[in-house]
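See structure below.
Chains as they are written, first to last, in the numbering used here: chain X, 448 to 768; chain S, 36 to 279.
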């Protein structure tokens with residue numbers, strides 16, 4: 448019996464969300480009085496191999512094989528299923544990323560396991576059953592889900608669990624990836640937006656709405672974001688108008704985010720937008736309309752013209768660093 | 036080309052969400068239901084790919100007869116026929132198995148759905164169908180083009196995108212950008228009434244999990260307003276709150 452955690456790396460290196468995930472999985476292992484095994488696929492930088500142990504893994508399985516060079520749910524799921532069987536995994540934990548959720552879903556069918564994606568808290572254990580929480584109705588509510596089978600898979604929503612350093616020594620095992628029958632999805636090219644903080648995992652987000660008046664005015668939001676180490680986002684009317692790409696649209700039909708700090712500039716706060724950001728820890732609203740509904744859902748507010756307020760914030764931040 | 040589009044039926048995006056039966060059931064009374072917005076994108080893409088007699092689009096929904104007006108809307112937008120698997124859709128494992136069984140009876144070149152439903156936000160369906168049918172699954176795409184006997188897609192990743200290709204048949208989940216949702220016109224609405232809507236029986240699938248209870252997020256306290264002439268005070272407050 449074990450808890451199995453699948454961790455992703457970016458071109459061979461782990462990033463902070465990987466260790467948040469290992470820390471989360473270790474807590475589950477403690478609650479189930481069992482050990483934690485980490486599984487890694489593809490070409491990992493050798494210097495990274497010992498790192499999962501520093502967050503609680505007592506065994507690390509590195510699955511190798513040409514077919515794992517680039518992400519494909521079929522081949523990755525086959526590899527993880529094999530490790531799951533050899534470790535007799537009771538719980539599998541994966542990242543709540545685009546790829547992690549896709550992979551977990553394939554695994555759930557392959558293993559006949561319960562699956563809850565994007566969980567926001569540690570499971571409560573009662574006997575064989577686990578109870579976990581997740582966001583539903585695009586952030587308008589939470590649900591508690593009970594697993595009713597021997598094996599469960601959870602993916603962890605980004606920014607929901609803190610890193611907990613531990614001192615474990617992990618046994619490191621190499622494994623050859625199993626062959627699969629399913630035709631592979633081939634990756635022709637990876638296009639990364641360099642120098643930008645990825646929005647889905649960002650701890651701070653600076654977001655603009657129609658009040659910004661036009662795409663030419665985004666420079667100041669980007670400057671503020673860069674000073675704060677933040678990602679930029681926008682409301683639906685902004686991406687619909689083509690001022691910003693769809694990938695920046697947060698809200699009910701865009702992406703749902705849960706950063707530590709969400710700064711909304713010139714966004715009135717329609718119910719669909721609020722749903723996508725309501726899990727943010729702290730919300731700041733800057734809007735010149737004192738009647739903007741967003742102020743009712745905010746922790747801090749500035750009633751004022753963004754074109755005056757934002758440059759002042761930028762100036763202050765520059766002076767203090 | 037034969038395309039199957041999976042549609043889910045969700046509360047209108049402006050719905051205030053409440054629960055009944057001691058917070059164990061979603062309160063459906065007075066709620067307007069719509070096609071899941073992401074599924075509308077998938078439907079629009081399927082219609083675009085089959086334009087000018089270049090194939091057909093079938094929509095499939097797993098749900099009760101209550102959903103038929105929503106299914107008719109998909110027909111009005113342009114799908115040529117619909118399948119409704121008659122069952123209470125309890126989770127993605129159940130729904131994906133019903134859809135996979137329907138596909139085993141009738142072959143499709145491509146299966147499209149939305150990236151997730153806006154009610155239970157699982158984002159699991161496409162991958163699960165892929166596994167039941169042992170075909171490639173591409174999750175959360177931003178574009179889709181046919182190039183000869185390959186489908187080329189932009190797949191979303193946290194730090195940007197990947198350009199991927201796959202053979203047919205495959206399943207993909209669509210997000211914004213894949214296509215512009217379409218609106219039904221009068222002719223579509225009239226013709227939808229006579230398009231076939233097949234109702235099929237569901238098959239048994241083991242229950243692996245259950246929604247136990249729901250809650251709405253706690254309200255935030257009173258907003259603290261900061262003078263627009265001194266926005267620097269905001270930075271002090273955010274540092275005190277340890278979010279900067």
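All C-beta atoms in this analysis are idealised placements derived from N, C-alpha and C, irrespective of residue type, glycine included. If you're wondering where the values come from, they're calculated on a predicted model, not measured in any experiment.
- Taken through DSSP and simplified to helix, strand or coil, residue 36 of chain S comes out as coil.
- For the options S:107, S:97, S:106, the alpha carbon positioned closest to that of residue 122 of chain S is the one of S:97.
- Each of S:265, S:60, S:37 was checked against the Cα of residue 756 of chain X, and the nearest Cα belongs to S:265.
- The beta carbon of residue 708 of chain X falls within 8 Å of a beta carbon belonging to chain S, placing the residue at that interface.
- Rounded to the nearest whole angstrom, the C-alpha separation of residue 107 of chain S and residue 227 of chain S is 6 Å.
- Exclusion of the five residues before and after residue 464 of chain X leaves 542, 605, 648 as the residues of its chain whose Cβ lies within less than 7 Å of its Cβ.
- Residue burial is scored here from C-beta neighbours: residue 467 of chain X has at least 16 other C-beta atoms within 10 angstroms and is therefore classed as buried.
- Distance from the CA of residue 45 of chain S to the CA of residue 268 of chain S, rounded to the nearest whole angstrom, comes to 43 Å.
- For the set X:515, X:601, X:566, the Cα lying nearest the Cα of residue 560 of chain X is the one of X:601.
- By the neighbour-count criterion, in which a residue is buried when 16 or more other Cβ atoms sit within 10 angstroms of its Cβ, residue 641 of chain X is exposed.
- Bounds of any alpha helix (DSSP H) do not take in residue 178 of chain S; it lies within the beta strand (DSSP E) bounded by 172-182.
- Counting of Cβ neighbours within 10 angstroms places residue 233 of chain S among the exposed residues, the total staying below 16.
- Across the stretch 170-182 of chain S, CB contacts with chain X closer than 9 Å involve 170, 171, 172, 173, 174, 175, 177, in sequence order along the chain.
- Counting C-beta pairs closer than 8 Å gives three or more between the stretch 688-701 of chain X and the stretch 711-726 of chain X, which meets the contact rule.
- Look at the stretch 134-171 of chain S and you find these whole runs of alpha helix (DSSP H), each 4 residues long or longer: 160-168.
- Rounded to the nearest angstrom, the gap between the Cα atoms of residue 578 of chain X and residue 563 of chain X is 10 Å.
- In terms of beta-carbon proximity, residue 552 of chain X lines the interface with chain S, with at least one pair separated by less than 8 Å.
- For residue 487 of chain X, the enclosing beta strand (DSSP E) starts and ends at 482-488.
- At a cut-off of 8 Å between beta-carbon atoms, residue 625 of chain X makes no contact with chain S.
- Ranking X:556, X:575, X:570, X:590 by CA distance to the CA of residue 59 of chain S puts X:590 first.
- In this structure residue 218 of chain S is exposed. Its beta-carbon is surrounded by fewer than 16 other beta-carbon atoms within 10 angstroms.
- Residue 133 of chain S is classed as buried because its beta carbon has at least 16 other beta carbons within 10 Å across all chains shown.
- Chain S has a Cβ within less than 8 Å of the Cβ of residue 759 of chain X.
- For residue 199 of chain S, the enclosing beta strand (DSSP E) starts and ends at 195-201.
- Only residues of its own chain outside the window of five on either side were considered, and among them 97, 133, 235, 237 have a CB closer than 6 Å to the CB of residue 120 of chain S, listed in chain order.
- Comparing alpha carbon positions, the residue from S:190, S:64, S:135 closest to residue 40 of chain S is S:135.
- Any Cβ of chain X closer than 8 Å to the Cβ of residue 191 of chain S would place that residue at the interface, and such an atom is present.
- By the 16-neighbour rule on beta-carbons within 10 angstroms, residue 455 of chain X is buried.
- With contact defined as three or more Cβ pairs closer than 8 Å, the stretch 625-632 of chain X and the stretch 196-212 of chain S are in contact.
- Under the Cβ criterion of 8 Å, residue 636 of chain X is counted among the residues facing chain S.
- Residue 450 of chain X is positioned such that its CB atom lies no closer than 8 Å to that of residue 508 of chain X.
- Here DSSP, grouped into helix, strand and coil, assigns residue 475 of chain X to helix.
- By the Cβ neighbour-count rule, residue 77 of chain S is buried, with 16 or more other Cβ atoms within 10 Å of its own.
- In the three-state scheme derived from DSSP, where H, G and I count as helix and E and B as strand, residue 279 of chain S is classed as coil.
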